[in-house]
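Numbering (the working numbering), first residue to last: 39 to 87.
Backbone N, C-alpha and C fix where the C-beta goes; we use that ideal spot for every residue, glycine too.
Here the structure is a predicted model, which is why all the values come from computation and not from measurement.
For reference, the structure discussed in these notes is given below.
Structure below.
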């Protein structure tokens, strides 16, 4: 998998932090189910917004 997409591996649990015109950062969560990782990442991103 590291030889495709320029080494990028897409997996649930990551949320970008953006304003209207640019990406400011990201929140990443791992260790639970994909669904829980995604929900926790969204909650973390909402807290930082």
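* Asked: Taking the alpha-carbon positions, what's the residue 67 to residue 58 distance?
  -> 24 angstroms
* To do: Measure the CB-CB distance between residue 50 and residue 72 and report whether it falls below 8 angstroms.
  => yes
* Asked: Between residue 39 and residue 48, what straight-line distance do the alpha-carbon atoms span, to the nearest angstrom?
  -> Caution is warranted here: a pLDDT of 48 is assigned to residue 39, below 50, making its placement in the model unreliable, and no coordinate value can be reported.
* **Counted within 10 angstroms of its Cβ, other Cβ atoms place residue 79 as buried (16 or more) or exposed** => buried
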